[in-house]
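A.B. asks: Counting from 4, one number per residue, gives the positions in the sequence shown under the numbering used here.
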Amino acid sequence: MFTFARSIVFMLSISLVVGIPLPDGSELERSTRPPEGLERLSFLCCGSKAATVKIPQVITPASGKLVLNLYAEGTQNYVCNATKGEWTFSRPEAVLFCSKDKRLKVGKHYFLDKPDAGGGRPTWELTIQPFKSSVTTKKIAGVASDLGADKAIDWLLTQATSHTGSTGLFNVSFVVRHKTKAGTSTGLKIPCADGKTEKQKYTAEYAFFV
Numbered sequence: 004m005f006t007f008a009r010s011i012v013f014m015l016s017i018s019l020v021v022g023i024p025l026p027d028g029s030e031l032e033r034s035t036r037p038p039e040g041l042e043r044l045s046f047l048c049c050g051s052k053a054a055t056v057k058i059p060q061v062i063t064p065a066s067g068k069l070v071l072n073l074y075a076e077g078t079q080n081y082v083c084n085a086t087k088g089e090w091t092f093s094r095p096e097a098v099l100f101c102s103k104d105k106r107l108k109v110g111k112h113y114f115l116d117k118p119d120a121g122g123g124r125p126t127w128e129l130t131i132q133p134f135k136s137s138v139t140t141k142k143i144a145g146v147a148s149d150l151g152a153d154k155a156i157d158w159l160l161t162q163a164t165s166h167t168g169s170t171g172l173f174n175v176s177f178v179v180r181h182k183t184k185a186g187t188s189t190g191l192k193i194p195c196a197d198g199k200t201e202k203q204k205y206t207a208e209y210a211f212f213v
């Protein structure tokens, strides 16, 4: 009974957001639909509960409105620099979900091969309709994770440098990485073979501001 009820609620949420007909064949009036863009996706992910995050002031955008918070699971990739005797961060590879339950995959997170015109490489891409779009950013501030620098990658404030698409992430101004777990190079063996790549699993949440 509980599972069935949750399924009905989820179907109603999707119907509200992307316009899928309800089980009885009817459609809701346009006036009952939630706002456009990321706020629609936030509605799909969170229902009527607004996206909220608690982050340190140093990585809180000076302006902008929080409209979406997504959960990420993937790897932080490192390359061995034998000359320096260290592991250098290379790029992330992560899947974006609505929430920790990973009920709905909505996109991916990665680095551009080369910086864009604004110097940005970190990119978040939404891969579901009608939100297909991306935002690329550059880091402007950071702070150690609340778990400690050796146990989790830093929390970051990044600012948009370019976008693709005409909906979804097209007007995002800032992306904040927070609630990180693992992903550091701690524990990788030194010395190492030059050019060798290692992938460290991590999770994080990403908050999007417009």
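We put the CB at the ideal spot given by N, CA and C, even for glycine. Here the structure is a predicted model, which means the values were calculated and not measured.
1. Compare the beta carbon distance of Thr183 and Tyr209 with 8 Å and say whether it is the shorter of the two.
2. Asp157: which of Val179, Ala54 and Val175 sits nearest, CA to CA?
3. Which residue from Pro118, Ile131, Phe114 and Asn80 puts its Cα closest to that of Phe100?
4. Assuming Tyr81 contacts Thr200 (C-beta within less than 8 Å), just tell me the rounded distance between them.
5. Identify which residue in Glu89, Gly40, Ala185 and Asn174 has its Cα closest to the Cα of Thr139.
6. For Glu201, list the residues DSSP reports as bridge partners.
7. Could you please give me the residues that DSSP links to Phe134 through a beta bridge?
8. May I have a chain-ordered list of the beta strand (DSSP E) segments no shorter than 3 residues that lie completely inside the stretch 115–186?
9. Ignore the nearest five residues each way along the sequence and tell me which others in Pro38's own chain have a CB closer than 7 Å to its CB.
10. Starting from Arg43, trace the alpha helix (DSSP H) both ways and give me its first and last residue.
11. Please go through the same chain and pick out, in chain order, the residues whose beta-carbon is closer than 6 Å to the beta-carbon of Lys142, but skip the five residues on each side of it.
12. Report the partner residues of Val98 according to the DSSP bridge assignment.
13. What separation, rounded to the nearest whole angstrom, lies between the Cα atoms of Phe213 and Val70?
14. Of all the options Asp197, Ala207 and Thr187, which has the alpha carbon lying nearest to the alpha carbon of Phe92?
15. Going by beta-carbon coordinates alone, are Gly121 and Thr86 separated by less than 8 Å?
16. Nearest-angstrom Cα distance between Lys57 and Tyr74?
17. So, under 8 Å CB-CB, Gly67 and Phe177 are touching, yes? Tell me the CB distance rounded to an integer number of Å.
18. Can you tell which of Val146, Ala97 and Pro194 has the C-alpha that lies nearest to the C-alpha of Thr63?
C.D. replies: Looking at the coordinates:
1. Start at 1 with the first residue of the sequence shown, and residue 183 comes out as number 180. Start at 1 with the first residue of the sequence shown, and residue 209 comes out as number 206. Not a contact, by the Cβ cut-off of 8 Å.
2. Working through the sequence shown from its first residue, we reach residue 157 at position 154. The shortest C-alpha separation from Asp157 is found at Val179.
3. As a working mapping, residue 100 is identified with position 97 in the sequence shown. Cα-wise, what sits closest to Phe100 is Ile131.
4. In the sequence shown, residue 81 corresponds to position 78, counting from 1. In the sequence shown, residue 200 corresponds to position 197, counting from 1. About 7 Å separates the two Cβ atoms, so the contact holds.
5. Working through the sequence shown from its first residue, we reach residue 139 at position 136. The shortest Cα separation from Thr139 among Glu89, Gly40, Ala185 and Asn174 belongs to Asn174.
6. Counted from its first residue, the sequence shown places residue 201 at position 198. In the DSSP output, where bridge partners are listed per residue, Glu201 has Tyr81.
7. Your numbering for residue 134 matches position 131 in the sequence shown. Note: Phe134 sits in no beta bridge, so no partner.
8. Qualifying beta strand (DSSP E) stretches, in chain order: 125–129, 136–146, 158–167 and 177–185.
9. Here residue 38 refers to the residue found at position 35 when the sequence shown is read from its first residue. In this prediction, Pro38 has a pLDDT of 46, which is less than 50 and means its spatial position is unreliable; what the coordinates show is noted afterwards. By the criterion of a C-beta distance shorter than 7 Å, Pro38 is surrounded by no residue of its chain, once the five residues flanking it on both sides are discounted.
10. Sequence index remark: in the sequence shown, residue 43 carries index 40 (1-based). Taken as a continuous stretch (DSSP letters only), the alpha helix (DSSP H) holding Arg43 covers Leu41 to Cys49.
11. Here residue 142 corresponds to residue number 139 of the sequence shown, with the count starting at 1. Excluding positions up to five away in sequence, the list reads Leu159 and Thr161.
12. One-based indexing of the sequence shown puts residue 98 at position 95. Answer is Glu76 and Lys111.
13. For the purposes of this step, residue 213 is taken as residue 210 along the sequence shown, with counting starting at 1. For the purposes of this step, residue 70 is taken as residue 67 along the sequence shown, with counting starting at 1. Here the sequence assigns Val to residue 213, which means Phe is not the residue at that position. Near 7 Å, if we compare the C-alpha coordinates of Val70 and Val213.
14. If you number the sequence shown from 1, residue 92 lands on position 89. Answer by Cα proximity: Thr187.
15. Locating residue 121 in the sequence shown gives position 118, counting from the first residue. Locating residue 86 in the sequence shown gives position 83, counting from the first residue. Taking 8 Å as the Cβ cut-off, Gly121 and Thr86 do not qualify as a contacting pair.
16. Within the sequence shown, numbered from 1, the residue matching residue 57 stands at position 54. Within the sequence shown, numbered from 1, the residue matching residue 74 stands at position 71. Approximately 15 Å, taken between the alpha carbons.
17. By one-based count along the sequence shown, residue 67 stands at place 64. By one-based count along the sequence shown, residue 177 stands at place 174. About 6 Å separates the two Cβ atoms, so the contact holds.
18. Against the sequence shown, residue 63 aligns to sequence position 60. Out of Val146, Ala97 and Pro194, Val146 has the C-alpha closest to the C-alpha of Thr63.
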